[in-house]
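As structure tokens, the structure follows; a few thoughts come after it.
There are 4 protein chains.
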Amino acid sequence: MSAPASPRRLRLGMVGGGLGAFIGPVHRMAARLDDRYEFVAGALASDPARARASGAALHLAADRIYDDFVAMAAAEQARDDGIDLVAIVTPNRIHHRAATTFLDAGIHVLCDKPLATTFDDAADLVDRVALSGLVFVVAYNYTGYPMVRQARELIAAGESGEIRLVQVEYAQEWLTEPLERGGHKQAAWRTDPHEAGPGGCVGDIGTHAFHLAEFVTRHEVAEIAADLSAAVAGRALDDNVQMLLRFASGARGALWASQVAPGCDNALRLRVFGSSGAIEWHQETPNDLPLAQFGRPTRLLTRSGAGLTASCTLHGGRLPAGHSEGYVEAFASLYADAATLIGSRLGWHPQPAGTDLVPSVRDGARGVAFVAAALASSQRNSAWTALPEAPPHSAG
Amino acid sequence: MSAPASPRRLRLGMVGGGLGAFIGPVHRMAARLDDRYEFVAGALASDPARARASGAALHLAADRIYDDFVAMAAAEQARDDGIDLVAIVTPNRIHHRAATTFLDAGIHVLCDKPLATTFDDAADLVDRVALSGLVFVVAYNYTGYPMVRQARELIAAGESGEIRLVQVEYAQEWLTEPLERGGHKQAAWRTDPHEAGPGGCVGDIGTHAFHLAEFVTRHEVAEIAADLSAAVAGRALDDNVQMLLRFASGARGALWASQVAPGCDNALRLRVFGSSGAIEWHQETPNDLPLAQFGRPTRLLTRSGAGLTASCTLHGGRLPAGHSEGYVEAFASLYADAATLIGSRLGWHPQPAGTDLVPSVRDGARGVAFVAAALASSQRNSAWTALPEAPPHSAG
Amino acid sequence: MSAPASPRRLRLGMVGGGLGAFIGPVHRMAARLDDRYEFVAGALASDPARARASGAALHLAADRIYDDFVAMAAAEQARDDGIDLVAIVTPNRIHHRAATTFLDAGIHVLCDKPLATTFDDAADLVDRVALSGLVFVVAYNYTGYPMVRQARELIAAGESGEIRLVQVEYAQEWLTEPLERGGHKQAAWRTDPHEAGPGGCVGDIGTHAFHLAEFVTRHEVAEIAADLSAAVAGRALDDNVQMLLRFASGARGALWASQVAPGCDNALRLRVFGSSGAIEWHQETPNDLPLAQFGRPTRLLTRSGAGLTASCTLHGGRLPAGHSEGYVEAFASLYADAATLIGSRLGWHPQPAGTDLVPSVRDGARGVAFVAAALASSQRNSAWTALPEAPPHSAG
Amino acid sequence: MSAPASPRRLRLGMVGGGLGAFIGPVHRMAARLDDRYEFVAGALASDPARARASGAALHLAADRIYDDFVAMAAAEQARDDGIDLVAIVTPNRIHHRAATTFLDAGIHVLCDKPLATTFDDAADLVDRVALSGLVFVVAYNYTGYPMVRQARELIAAGESGEIRLVQVEYAQEWLTEPLERGGHKQAAWRTDPHEAGPGGCVGDIGTHAFHLAEFVTRHEVAEIAADLSAAVAGRALDDNVQMLLRFASGARGALWASQVAPGCDNALRLRVFGSSGAIEWHQETPNDLPLAQFGRPTRLLTRSGAGLTASCTLHGGRLPAGHSEGYVEAFASLYADAATLIGSRLGWHPQPAGTDLVPSVRDGARGVAFVAAALASSQRNSAWTALPEAPPHSAG
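Residue numbers (the working numbering), protein chains in the order written: chain A, 27 to 422; chain B, 27 to 422; chain C, 27 to 422; chain D, 27 to 422.
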């Protein structure tokens, strides 16, 4: 850990993520890994009984187990030892309301993606964060992988030349069958427009793929031509999306996201091709980054291995090369980065360089714009559709 | 070799493929590998001096080295020991004229792809072949790989369930720089509309990807939404194409073909996902075929390995598992299959089962239709465009 | 986490592992990951100033930062809230003395490997642990990987038939050059017989390879024929070892361990071949486990994927398939397992099944026996040498 | 093909390799591939009826189908158009007698390995070849792979520094069960000491591994400590061998060869580690050659790809990168190289550089010495055993 030393651990609260949840425990492991947080408060479920049972199982003090997040924000704001950061890990439809509640209470926020279920809500959050001066991180956790950040640095350094092509895909198999009809909680809310918003696969994992592409290339997608479909009969939301991409720079690309791809567990994969080189990254072998340069043998860069640029993360490395890091470690880097940002707001150390590595509320709003454009294009038989811009008043 | 025994080797002639050519020598290696042909005649280059030098270097008898293919067809037709099969390996614009010449002379044809530079020419060849009763093979050589044929069998046997998604791509790096300006012969004709026809990358390698997808799935693409581009400034033809696919069955897909993808040598890759399983094949590791089935561990099928269906090729296996076969072997299987078809026409043995494995003139015409639709879609800003059907009179 | 719920977190102390150490921080991450420990006390360095600075940086209370481990054991034994478990992460020569000190104080121990620098010391610890009734875990952390435990289960279930061959190797590159002469702390003590004991590479990583082979197969190595060498001139301890193995069952094998293998980061790899099947595991792709069975296609088992046996760990899974887990997660499973063992001693829940998954003091002594036999064989020009047995009084 | 042009194809004969054989058809494919031979004569089986049926099926002229190789040598020697080269592809016990017969007839020889069943016979052939002035190639076909030759060049160029470690292995699964008892012809002779000689697996595939190691490193093995075993009860010859290697240079190594390794089809794999770099090659992915250099990212060299040395073979490349070549192509390179050597003896072109790439009779004798030493060591409980040297009179 080369991160700035801190006088104390930050205090972390959580909304959602109680017993039976998938992503809540991951957030807590991520927050623990680098020992910069203590988890002290939560409104862990919408059902009060489950909220309390969850808090007790997680060793929270009884007075910091809350039945709802509004009460939690008020109580924590009032305490001297109130939480520094809240993690919002609820179904999508809650994100906006929970985030505004904690921002209003002066508490930093780390919110799951997609940021909101409408672009207006997302733009509203952009404005609120700008006015609040608070740290707001969106959980695009895949950008926490060291080799993703290395890829971004290599491209910025010109190792691939001018970017021409971007192929990004995110394939899973878990919704191949109509799992949502059998009482599977994760499947149920993710395929329910009321809970998930109007995008299914496109919002759940398409947004990760989209963010990854923009993050690594620093190129913005200008317009998309999308074909959303549901392979499983009767499913209310898309479970597969294919689209063409045009970047503002003129680069072309394609994006494929699917949750009905047998054999694919969590196959997020990015390839970027430029006028002189290319990189490829795959989430299931995340410690590797092949770098091809036209006319030279491909070099295999590895996490902590030789040939990396000096400092590609806010957060320093944890382990030597060959000692594989995975999903939790990448997620933990978002938490470590958030801690560093918050530490600088608390005056513990100066603002670090590289804060653009941390996914911001604006990145979250881009993801919501992406979902909106994908839906609009698909409804117009895949016509090219520009991503909506945040309104002028949210530029601040 | 489990192929039918033959009373003699077939006699092979060639148009194009002289000294300095790339694909001509590959055809000759392929024809030699299984010892079912002897190469005896050729009009190997458009330039007579080069044609003669090429013929001499290849040990052709002097009287069977021809200055042009019209003379060759006439002379070979007149000989008792005239060629049985002609391989046409010229630039695309010659294909139609050469093919009609040899069909008219009663000689079987193996023609390179794309079959023609216009859909009308392709449809004309479909008609002529039907009337002639001759064997006509189009060199979609990638379908000669045993594991490609195995994939087709697995899907036909229902191992993947109902097909939902098809992702196919063919990426190369060799045109990353404007090689055609430096006198590179292969690059020059392939980027010249006069020689190659109106499609660049889409015709040169996109057709391979398209055929592979239709061959393995036995599903026809109904319409495409394509975005063709030239990454290299000033290039007259496309060097990159991205497109969405809709199959007649309702399956969705995407196709990407590029010749400006650094790090990709000959990266033709097909993935097919169905309601219960999926297969993946990559040309650069052609002896492997992972078969995923939802709810089971992925199985790795290998060429000649355990678990294959009993007979997935006209042509039996050459080597045990682990003894890798490659590009020439796959190409050779087309030649062996053509020999088997011709042998049955000559009455040496019955018509074998599985002749649909051999790419036909209709498959060639499908490829030309694909190029036409891709160009039309791209000109209409990627609007969905149906593939043209062969006119009724060519249905015979 | 499917582990038994606990009324409180266990209290963890540490000997060694202060600022600048490699493995200490890994132990602390591992202990934190599953939230079953709080780290409360330490004698973190032999130098008191560094011990104190380390404790402060790690947020230890001032009265639980100790200058030496003897004082620490006494003080913690005396506290009502004294530590439950001590982690010993010092250079090898300290292991025996520190372990006996904490055992005498009635504190459970998790000790790094090799357990001791002499076989007598190791046998002594076996006796002491038996008498103490305490939990004693040796940090053979690689057996914490889920797919290593799965491999053990598959073999026990007969999926590979009768074991015939075991190939195990552990290759690293980091000592390719004489790093120890440049002030590199890790390299210095590991190549110094005074700190590391008589074995270099054979003790540092050979023991991991040896334990992995015995753990997965449940077969004991009977004798070895070893050739130890130092590739770097002037190095006092071996940096490379090759050996033949004979198992008591008659199975054969080979072991290779090296720290002078360029290109190998942490390449621990095990292959076991039986009369009907085989498994292969590689630490750098730890979530995969190919299972070959003669006459069937190889199946790729993956962590949390389909086809696994119902419960292959004390510790349940953390993440779905495709969300890679790595080195820290495997290490954390040892800590979680230790917590489960300690919890059952504290009466929180019954003794769980599967305690043989946790590397014990006897496993630690086997590793020291392995080092002794390897050194003896190598000194006798690779003559076959039996592993020493623990003396009878340590059988209890 | 950049090989020297030839005024005519060479005439090839074959001993062994009739209908039902495995390796004979491979030799014929290999000889055909580059079109430098015509196959014109054969004594294809020990049984005359099978010999004749085989010759007819292969389109040999009736007068050049022989019942035995003695008659063949005499008749071919007497013809003006007699064979230039004979391929000897019989069971091992015939090699010496057939080779001497054709050498005496002044005919160049390409002989399968192991060269002979006794070291005396091998040494005798070394002498005879020296006296004859004829070309004699031993079918160590794996050294025909372009990337094997590239590896040899890289090491000779110092890219790996001083060689320290060599790990070589050759694992197959096909004899996992007692196949020889079921009438499997290949298994029967290879496990029969009368046909195969005193070595089983060690001779059949161990010799390939041994030659590969010496070929790539140009380092000679000085002594070995071997443990031969038969995993299948009742098998008369070894089916598994593990050994330690010491090279004359001081480098260490290990060799493992097995035919009872489920999941391994033809897994010949070499790793060489030096003081500054390392290479790795695997027969089942033969077009790849990772080159690691300490302190730099590993580079992936590929056949025909960027970064190769200018000319690493006698025989030029056949196909561009990404168009995979395999087993037959590598085998064909031995035939092409033999043709080049013979062409220079015939005065068609000068002696080419790089003739040391072609496995010679001395290389064949080294393989027999290796088998003899392995057997001797194993009989002495794996004592270190020097390889026998050819007697002085065979030094010529």
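Ideal placement from N, C-alpha and C gives every residue a C-beta, glycine not left out. Given the structure is predicted, the values throughout are model-derived calculations rather than measurements.
Residue pairing for I305 (chain D): DSSP places it in a beta bridge opposite D:V298 and D:L317.
Residues of the segment 307-337 of chain D whose Cβ lies closer than 9 Å to any Cβ of chain C, in chain order: P316, L317, A318, Q319, F320, G321 and T324. The Cβ atoms of S275 (chain D) and I189 (chain D) sit closer than 8 Å to each other. Shown here, R190 (chain B) sits in a strand according to DSSP, grouped into three states. Using a CB distance cut-off of 8 Å, H85 (chain C) counts as an interface residue toward chain A. Pairing R34 (chain C) with Y63 (chain C) gives a Cβ-Cβ distance that is not under 8 Å. Cβ contact annotation for C137 (chain D) (same chain, cutoff 6 Å, sequence separation greater than five): I114, H121, A125 and V164, in chain order. Distance from the CA of F65 (chain A) to the CA of L86 (chain A), rounded to the nearest whole angstrom, comes to 8 Å.
For the segment 235-259 of chain D, the residues whose beta carbon sits under 7 Å from a beta carbon of chain C are, in order, A251, D253, S255 and A257. With respect to the 8 Å criterion, A400 (chain A) and M269 (chain A) are classified as neighbours on the basis of their beta carbons.
For R35 (chain D), there is no enclosing alpha helix (DSSP H), as DSSP marks it with neither H nor E. Inter-residue distance for E240 (chain D) and G187 (chain C) is about 35 Å (C-alpha atoms, whole angstroms). Per DSSP, E249 (chain B) is one residue of the beta strand (DSSP E) stretching across V247 to S255. Not a single CB atom of chain C sits nearer than 8 Å to the CB of F396 (chain D). In the DSSP assignment, R76 (chain D) falls outside any beta strand (DSSP E) and within the unbroken alpha helix (DSSP H) covering P74 to A83. S386 (chain A) is positioned such that its CB atom lies no closer than 8 Å to that of P378 (chain A). Apart from sequence neighbours up to five positions away, the residues of its chain that approach A293 (chain A) with a beta-carbon distance below 8 Å are E195, Y196, A197, Q198, A287, H308, Q309 and E310, ordered along the chain. Using beta-carbon distances, A113 (chain A) does not count as an interface residue toward chain C, since no partner is under 8 Å. Residue burial annotation: R58 (chain B) is buried, with at least 16 other C-beta atoms found within 10 angstroms of its C-beta. Restricting attention to D:A77, D:D314 and D:G50, the CA atom closest to the CA of I91 (chain D) is found in D:A77.
With contacts defined as CB atoms closer than 8 Å, A69 (chain D) and M98 (chain D) qualify as a contacting pair. Looking at the DSSP output, V164 (chain A) bridges to A:C137. In this structure the segment 357-373 of chain B lies against the segment 168-176 of chain B, because at least three pairs of beta carbons, one per stretch, are closer than 8 Å. Listed along the chain, the chain C residues whose CB falls inside 9 Å of the CB of V286 (chain D) are R190, L191, F299 and S301. Distances from the alpha-carbon of D60 (chain B) to those of D:G331, D:L84, D:G46 and D:G42 put D:L84 closest. Apart from the 5 residues on each side of it in sequence, F145 (chain B) sits with its Cβ closer than 7 Å to the Cβ of V394, A395, A398 and P414 in its chain, given in chain order. D:R154 is the residue among D:A148, D:N118 and D:R154 whose C-alpha sits nearest the C-alpha of H134 (chain D). The beta carbon of I231 (chain D) lies closer than 8 Å to those of Y196, Q198, A283, Q285 and L294 in the same chain, with the five residues before and after it left out. The closest CA to that of L129 (chain C), considering only C:D107, C:P140, C:A100 and C:E306, is found on C:A100. The beta carbon of S408 (chain A) is closer than 7 Å to those of A251, A252 and D253 in its chain, skipping five residues each way along the sequence.
Straight-line measurement puts the Cα of G50 (chain B) at about 7 Å from the Cα of G44 (chain B). Assignment of N266 (chain B) by DSSP, reduced to helix, strand and coil, places it in the strand class. Of all residues in the segment 343-375 of chain D, only R344, L345, P346, A347, G348, H349, S350, E351, G352, Y353, V354 and E355 come within less than 8 Å of chain B when Cβ atoms are compared, listed by chain position. For S158 (chain D), the CB contacts under 7 Å within the same chain, skipping 5 residues up- and downstream, are L129 in chain order. Within the same chain, Q176, E179, L180 and A183 come within 8 Å of T335 (chain B) by CB-CB distance, once the 5 residues on both sides are set aside. Fully enclosed alpha helix (DSSP H) runs of no fewer than 4 residues occupy 353-371 and 387-405 of the segment 326-406 of chain C, in order along the chain.
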